[in-house]
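*Asks:* Before I ask anything, here is the structure I am working with.
Number of protein chains: 2
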Amino acid sequence: MATAAGVSPATVSRVLAGKTVRPESAARVRAVVEEMGYQPNASAQDLAQGRTRTIGVSVPDLDNPYFTSILKGIGREAQAAGYQLLVGDSGISSEREVWRAVRQRCDGIILCAPYSSPDVLMQVVAQLSPVVIVNRCAPSVPAPQLAVDSHSATLELTGHLMRLGHRRLAYLAGPESSWSNQERRRAVESTRHFGAEVTVVPVGTTAEEVGQAVDQALAAGATALIAFNDLVAFTALSQLRERGVRVPDDVSVTGFDDIPYARLAAPPLTSVYSPQGALGAQAWKILQALLAGERTEGFQTISAEVRIRDSVAPPQPRQRDQATPR
Amino acid sequence: MATAAGVSPATVSRVLAGKTVRPESAARVRAVVEEMGYQPNASAQDLAQGRTRTIGVSVPDLDNPYFTSILKGIGREAQAAGYQLLVGDSGISSEREVWRAVRQRCDGIILCAPYSSPDVLMQVVAQLSPVVIVNRCAPSVPAPQLAVDSHSATLELTGHLMRLGHRRLAYLAGPESSWSNQERRRAVESTRHFGAEVTVVPVGTTAEEVGQAVDQALAAGATALIAFNDLVAFTALSQLRERGVRVPDDVSVTGFDDIPYARLAAPPLTSVYSPQGALGAQAWKILQALLAGERTEGFQTISAEVRIRDSVAPPQPRQRDQATPR
DNA sequence: TTGAAAGCGCTAACAA
DNA sequence: TTGTTAGCGCTTTCAA
């Protein structure tokens with residue numbers, strides 16, 4: 004390449020890096036670059052410069068739109084800043100091994116780690132640094148953390164239900180290890196302080212399990228079902244329909260995340276919008292600051308937004324009898 | 004690192020590569036590696052070995068579950084084979100620039116390029132090689148290509164509708180540049196050979212636009228709406244509900260992709276299942292063969308599967324009057 | 001403004 | 001089995 008343009012490798016490097024070079028030389032180099040489609044070897048650049056212009060992102064499941072939306076937010080900012088995205092799916096192999104492998108090839112890493120235990124994070128965070136942790140609050144872990152504030156939004160949601168007249172709420176709980184799930188459950192439970200009766204029913208993953216959970220909730224007299232996320236809410240709607248229980252007449256239903264399908268459901272689903280794109284963008288900003296040498300730490304939060312739709316309504320007085328299945 | 008273990012760098016390299024080393028030396032090296040949490044520099048390894056053990060994947064939109072499911076399939080296989088995933092979102096910046104940047108840091112690339120023109124692909128494919136193209140058939144482009152066979156599945160779907168008695172079909176068309184959309188449209192249109200009247204109505208992106216498209220289709224007397232994908236189908240269901248048109252009594256509706264929400268819809272949505280995971284896995288296999296030096300080319304296809312649910316039924320004789328909106 | 005030279009951290013061929 | 005040596009392809013001083 005250098006010889007083809009009649010200059011030294013150093014000059015080629017300078018031209019491509021946009022440093023000051025005599026215009027004629029620069030033009031000649033660029034011509035040859037164009038002509039032979041020259042692409043510098045990234046590994047060599049990385050080695051020489053001691054950085055990769057790549058960041059790692061680990062998500063629990065690439066098949067879950069919630070996490071890939073965060074990924075999109077990160078990617079939008081990072082790509083714009085000239086960084087590449089190295090993605091690891093920690094649901095495929097051992098979480099720690101994925102983190103290690105990803106981190107090895109980049110300048111810093113964002114961990115989307117809603118299910119990881121603080122202990123594990125504690126052990127690896129030094130090795131992975133610089134690192135940003137998303138959707139998992141672990142105060143003892145010395146790394147910046149960022150999450151959606153579903154707690155406040157959940158209180159807003161249950162407050163709304165109470166004002167409509169609901170007194171018996173059921174929370175259809177997601178995975179116990181999920182930090183967001185814990186936050187949401189705790190917030191729903193807090194509604195007891197304001198006179199609500201709260202039943203917490205864990206739902207599994209299958210439609211049948213959700214159906215059983217719904218039965219349990221109705222048997223407990225719940226007039227409003229607060230599902231852990233929109234998928235659970237959709238499944239609950241489907242199960243209620245099968246049982247002939249009307250929504251919102253007989254029971255109100257809400258979800259979390261406000262996926263695009265939420266407003267298309269029958270009835271349109273009340274949900275708590277989770278700004279995943281903004282979450283990802285902010286995670287990138289924090290990591291960028293870390294890469295620039297700034298010492299950031301602590302826990303940041305992004306607001307969620309309650310979006311009321313037709314799947315909630317005031318409870319019917321006669322509801323408890325009607326709603327009991329069978 | 005080497006000096007700390009009292010051996011040469013070469014021996015450390017050998018131990019970490021699992022080559023034959025005297026057990027005592029190996030143990031000593033491993034102990035020191037463990038102790039100081041040593042991680043080899045990936046850039047240096049890449050440079051020395053002339054490969055990165057990383058593959059690139061470009062998708063049109065990380066926020067679209069269809070593409071991230073393919074990504075999941077690729078990741079499952081690639082991670083298992085010890086490869087990392089470098090992901091580019093070609094919806095963010097210029098497609099070609101994203102491809103170039105991604106390809107520069109890896110050993111090969113998978114292009115999920117349903118909207119890219121064959122001309123553009125033709126121009127870049129040599130630069131990007133080894134490359135696999137997913138969901139875009141461009142016979143003139145000298146690179147292996149892989150796609151879901153929605154054509155056959157669509158014929159199966161319209162055949163089923165015909166057998167139910169439908170004679171007027173409407174295709175709610177997606178983006179004209181999408182290859183899958185073209186395939187599906189062409190297949191629906193082929194149904195004319197078997198006595199169907201086919202109306203093709205482009206839908207935009209907003210719910211209102213889909214609503215207008217639905218109105219058009221109903222005005223043309225369609226008794227079955229074949230939507231480009233499940234999102235369009237969901238939106239159509241929602242719009243029909245608003246208009247008081249019953250599904251499947253007044254009109255049948257079908258989608259493509261069979262996303263998890265399809266069977267949870269009201270009524271459960273008939274859809275054509277698209278095996279995105281398998282598609283991704285197969286794309287990886289082809290790329291892997293390419294990396295191993297095998298000369299693969301040509302166009303491969305993966306079967307889709309029609310999944311009939313309650314959103315389709317025989318047309319009602321009196322339907323044409325009822326179905327016309329307003 | 002530019003070339004020569006050193007070095008980034010590793011691997012692989014060669015010798016011992 | 002292991003150390004020595006020579007690169008891998010680039011960037012970056014340092015001199016000229």
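Heads up: the sequence lines are chains H and V, in that order.
In case it helps, my numbering puts the first sequence at residues 4 to 329.
In case it helps, my numbering puts the second sequence at residues 4 to 329.
We put the beta carbon where it would ideally sit given N, CA and C, even for glycine.
Kindly list the residues whose CB is nearer than 8 Å to the CB of L89/H, restricted to its own chain and excluding five residues on each side of it in sequence; keep chain order.
*Replies:* Closer than 8 Å at Cβ, skipping near neighbours: T57, I58, G59, V60, V105, R108, C109.
*Asks:* Counting only the same chain and skipping the five closest in sequence on each side, list residues whose C-beta sits under 8 Å from that of D233/H.
*Replies:* Contacts found: G258, F259, D260, D261, I262, Y264, A265, L272, S274.
*Asks:* Restricting to runs no shorter than 3 residues, where is the beta strand (DSSP E) found entirely within the stretch 207-275 of chain V?
*Replies:* Runs found: 227-230, 255-260.
*Asks:* Of all Cβ atoms in chain H, is any one closer than 7 Å to the Cβ of L175/V?
*Replies:* Closer than 7 Å: no.
*Asks:* Could one say the Cβ of V15/V lies closer than 7 Å to chain H's Cβ atoms, at least one of them?
*Replies:* Output row for V15/V: interface = no.
*Asks:* Based on DSSP bridge pairs, tell me the residues matched to A173/V.
*Replies:* DSSP, once it has assigned bridges, lists T202/V, L228/V as partnering A173/V.
*Asks:* Would you check if there are 3 or more beta carbon pairs closer than 8 Å linking the stretch 196-214 of chain H to the stretch 164-180 of chain H?
*Replies:* The stretch 196-214 of chain H, when compared against the stretch 164-180 of chain H, does touch it at the 8 Å Cβ threshold.
*Asks:* Nearest CA to the CA of G9/H: which residue from A30/H, G21/H, A20/H?
*Replies:* Out of A30/H, G21/H, A20/H, A30/H has the C-alpha closest to the C-alpha of G9/H.
*Asks:* Measure the alpha-carbon distance for Q148/H versus E300/H and round it to whole angstroms.
*Replies:* Rounded to the nearest angstrom, the two C-alpha atoms are 7 Å apart.
*Asks:* Between A7/V and the rest of its own chain, which residues show a CB-CB distance below 6 Å, the 5 nearest in sequence each way excluded?
*Replies:* The answer, listed in chain order, is V35.
*Asks:* For Q242/H, which residues in the same chain have their Cβ closer than 7 Å to its Cβ, ignoring the five residues on either side in sequence?
*Replies:* Result list for Q242/H: A210, V213, G214, V217, in chain order.
*Asks:* Count the other C-beta atoms from every protein chain shown that fall within 10 angstroms of the C-beta of A122/V, then say buried if there are 16 or more, exposed otherwise.
*Replies:* It is worth fixing the name first, because residue 122/V is Asp in this sequence and not Ala. By the neighbour-count rule (16 or more Cβ atoms within 10 Å), D122/V is not buried but exposed.
*Asks:* Name, please, each residue of chain H whose Cβ falls closer than 7 Å to the Cβ of D49/V.
*Replies:* Under the 7 Å cutoff, chain H gives S46.
*Asks:* Within the 7 Å Cβ cut-off, does D218/V reach chain H?
*Replies:* No, because no Cβ of chain H sits closer than 7 Å to the Cβ of D218/V.
*Asks:* Let me know the secondary structure DSSP gives I73/H once reduced to three states.
*Replies:* In this structure, I73/H counts as helix in the three-state DSSP scheme.
*Asks:* Just verifying my parser: in three-state terms, what is the DSSP assignment at L293/H?
*Replies:* Three-state result, L293/H: helix.
*Asks:* My understanding is that F231/V touches G177/V, with C-beta atoms under 8 Å, so please give their C-beta distance in whole angstroms.
*Replies:* F231/V to G177/V, Cβ: 3 Å. Contact.
*Asks:* Identify the contact partners of I95/H in chain V, using a Cβ-Cβ distance below 8 Å as the criterion.
*Replies:* Near I95/H (Cβ distances below 8 Å), the residues of chain V are G78, R79, Q82, A83.
*Asks:* Which chain H residues are close to V254/V, counting only those with a beta carbon under 9 Å from its beta carbon?
*Replies:* By Cβ distance, chain H contributes nothing, its closest Cβ being about 16 Å from V254/V, past 9 Å.
*Asks:* Given that P147/V touches chain H, what residues does it touch there, using C-beta distances under 7 Å?
*Replies:* Residues of chain H passing the Cβ test: none, with the nearest at roughly 21 Å.
*Asks:* Taking C-alpha atoms, which residue in I113/H, R166/H, L50/H lies nearest to L74/H?
*Replies:* Residue I113/H is the option with its Cα nearest to L74/H.
*Asks:* How long is the line joining the alpha carbons of A223/V and V203/V, rounded to whole angstroms?
*Replies:* Rounded to the nearest angstrom, the two C-alpha atoms are 10 Å apart.
*Asks:* Residues of chain H with CB under 7 Å from Y264/V, in chain order?
*Replies:* Chain H residues near Y264/V: F237, Y264.
*Asks:* Tell me the DSSP bridge mates of G111/H?
*Replies:* Paired residues: I58/H.
*Asks:* Starting from the beta carbon of A269/H, find every residue of chain V whose beta carbon is closer than 7 Å, and list them in chain order.
*Replies:* Near A269/H (Cβ distances below 7 Å), the residues of chain V are R244, A269.
*Asks:* Considering only the beta carbon of each residue, do L65/V and G78/H sit closer than 7 Å?
*Replies:* For L65/V and G78/H, yes; Cβs fall inside 7 Å.
*Asks:* Using C-beta distances below 7 Å, list every residue in its chain close to L1/V, excluding the 5 sequence neighbours before and after it, in chain order.
*Replies:* Residue 1/V lies beyond the residue range present for chain V, which begins at 4 and ends at 329; the question has no answer from this structure.
*Asks:* Could you tell me the distance, in whole angstroms, from the CA atom of A129/V to the CA atom of Y276/V?
*Replies:* So the two alpha carbons sit approximately 33 Å from each other.
*Asks:* Please state if the CB of P117/H and the CB of S181/H are separated by a distance shorter than 7 Å.
*Replies:* A contact, by the Cβ cut-off of 7 Å.
*Asks:* Below 7 Å CB to CB, which residues in the same chain sit around G280/H once its five sequence neighbours on both sides are set aside?
*Replies:* Around G280/H: S72, K75, G76.
*Asks:* If you draw a straight line from the alpha carbon of V254/H to that of R312/H, how long is it in whole angstroms?
*Replies:* Spanning the two alpha carbons is a distance of roughly 14 Å.
*Asks:* Round the Cβ separation of V137/V and L282/V to the nearest angstrom and send it over; I've been treating them as touching at under 8 Å.
*Replies:* At roughly 7 Å, the Cβ-Cβ gap stays under 8 Å, so V137/V and L282/V are in contact.
*Asks:* In three-state terms, what does DSSP make of D152/H?
*Replies:* The answer is strand: DSSP assigns D152/H an E or B state.
*Asks:* Who are the Cβ neighbours of V298/V in its own chain at under 8 Å, not counting the five residues just before and after it?
*Replies:* Val is not the amino acid found at residue 298/V; the sequence shown has Arg there. Excluding residues within five positions, none has a Cβ falling inside 8 Å.
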